[in-house]
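Note that our numbering numbers the sequence shown so that position 266 is 268, with each residue one more than the last. We put the CB at the ideal spot given by N, CA and C, even for glycine. Here's the structure, in structure tokens; my notes come after.
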Amino acid sequence: MSTSFIKTRRQSPLVLLAAVGAFFLASVQCSCGWSLARGLSNLKYPSTTALSGSRGAAKWERKKAWLEKRGGDMDRNVDTTPPPFATIVGNGRIGGLLASAGNCVVLGRDDAVDASGEGPIFLATRNDALEGIINKTPENRRKDLVFLQNGYLDSFLESNGLMDNTQVLLYLSVPAKGVEPVDGVTSINREGLTAATGEWAQAFSDRLDTLDLKCNVVDAATYKPAMFEKLIWISTFMLVGTAKECTTVGEAGKLYKDVVADVINELVSAVSAKESITFPPGTLERLEAYTDVVADFPCAVKEFEWRNQYFWNLGDDAVPVHNGLLKECAQKGFLSFDLP
């Protein structure tokens, strides 16, 4: 037996032990790595990547529980396909929600829009920021601006030559940034009340669909009465709640149901005459059902020039109950502005 052979045999237990140790260490590292990866995949809001299948499934389970309480569509398929690329201006509650669907760039209101860019530009800002954003947007990209704001925008859009731009009615509540949104799905409108019209309406609908939220793509003729209906909702429940010293819109709708009905019916009649449009039957019932969904929303008369002023300008003869409640709020010192 050679010396080299004896040396090799004497080392073999050590080699075996080293191999076992290396295998054990690799197993531990693999397990830790897998646990870390699993933990990272459960982060609530990834940056601008598409939603993962596991996250989509988890969100759908929560959505099903929510829909069961409101009679929503239980057979919906979860779509994990990333939405079309978009620029999002604003990173608050709505902007952050839209960005969480991925495939986007997020800008602040003072950031420059890329003149050579493509795709929709979703404006998730307050109304008072719109003028500055439009002025900073290159002429060739202004057609891509998508307006998501509450209120009456027609006069503003017309004065800026943007009446043909995409508009969105957001029946969507985000209580705080990063918190699960409350969709505008009601016991009457199981398809949801959020609507969009214009060139980028489908792109917006696709983005909400990625987040398991609903949006109806409609033509301009359908959109107009729907826009006024949303304006009537926010102008009525906020006004009645403020005048009657309610904390929430749900309280206003419950305790002052008759007053709410009087205002809504009055505004529908006045707008129909002024704009020569016809509202689909059931406006009062639709708006009451939506109030049930966002019952905890606080009451306040604000952004007057974008909301209640449209109705105020129709005059006391056309909308006496509405204007009377505004005067009542002013007399009680509940307004942060002077009535015109």
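Run of the beta strand (DSSP E) containing residue i, from where it starts to where it stops
i      : result
Thr224 : That residue, Thr224, is in no beta strand (DSSP E); its alpha helix (DSSP H) goes 222-245.
Phe149 : 147-149
Phe313 : Premise fails: Phe313 lies in the alpha helix (DSSP H), 310-314, not in any beta strand (DSSP E).
Exposure label - residue i; buried when at least 16 CB within 10 Å
i      : result
Ser33  : Low confidence applies to Ser33: its pLDDT is 38, below 50, so where it sits in the model is not reliable enough to give any reading.
Val181 : exposed
Val295 : buried
Lys179 : exposed
Ser338 : exposed
Pro85  : buried
Ala118 : Contrary to the premise, residue 118 reads as Ser rather than Ala in this sequence. The residue in question, Ser118, is exposed, as its Cβ has fewer than 16 Cβ neighbours within 10 Å.
Thr244 : buried
Gly104 : buried
Ser102 : buried
Glu141 : exposed
Gly153 : buried
Ala254 : buried
Asp319 : exposed
Asp113 : exposed
For residue i, the nearest candidate out of the options (CA to CA)
i      : options                        : result
Thr196 : Ala178, Met229, Phe239, Glu253 : Met229
Phe313 : Ala297, Gly335, Ser237, Lys329 : Ser237
Asp116 : Lys304, Glu290, Leu337, Thr139 : Thr139
Thr199 : Ser175, Asn191, Asn137, Met165 : Met165
Met91  : Thr127, Asn162, Glu305, Met240 : Note on residue identity: the sequence assigns Val, not Met, to residue 91. Minimum Cα distance to Val91 is reached at Thr127.
Phe87  : Phe206, Phe306, Ala275, Val303 : Phe206
Ile123 : Arg95, Arg209, Asn267          : Arg209
Asn315 : Gly335, Asp298, Lys329, Pro342 : Pro342
Lys256 : Asp112, Pro183, Pro227, Asp298 : Asp298
Integer Cβ distance of residue i from residue j, believed to fall under 8 angstroms
i      : j      : result
Glu193 : Asn218 : 6 angstroms
Ile96  : Leu150 : 7 angstroms
Thr280 : Ser274 : 7 angstroms
Leu241 : Asn310 : 6 angstroms
Lys216 : Val251 : About 21 angstroms separates the two Cβ atoms, so there is no contact after all.
Enclosing alpha helix (DSSP H) for residue i [first to last residue]
i      : result
Cys331 : 322-333
Thr168 : Where Thr168 is concerned, there is no enclosing alpha helix (DSSP H), although the beta strand (DSSP E) it sits in stretches over 168-171.
Ile90  : Counting along the chain, Ile90 falls outside any alpha helix (DSSP H), though it belongs to the beta strand (DSSP E) covering 88-91.
Ala286 : The sequence shown places Leu at residue 286, not Ala. It spans 285-295 - the alpha helix (DSSP H) in which Leu286 sits, taken as one unbroken run.
Thr212 : 203-212
Ile135 : 132-138
9 angstroms Cβ cutoff, residue i in contact with chain B
i      : result
Phe206 : Absent from the structure is chain B; it holds one protein chain and no more.
Three or more C-beta pairs closer than 8 angstroms, one from the stretch 322-329 and one from the stretch 165-182: is that the case here? no
The stretch 282-298 contacting the stretch 130-137, beta-carbon criterion three pairs below 8 angstroms: no
Any contact between the stretch 101-114 and the stretch 235-250? By contact I mean 3 or more CB pairs, one from each, below 8 angstroms. no
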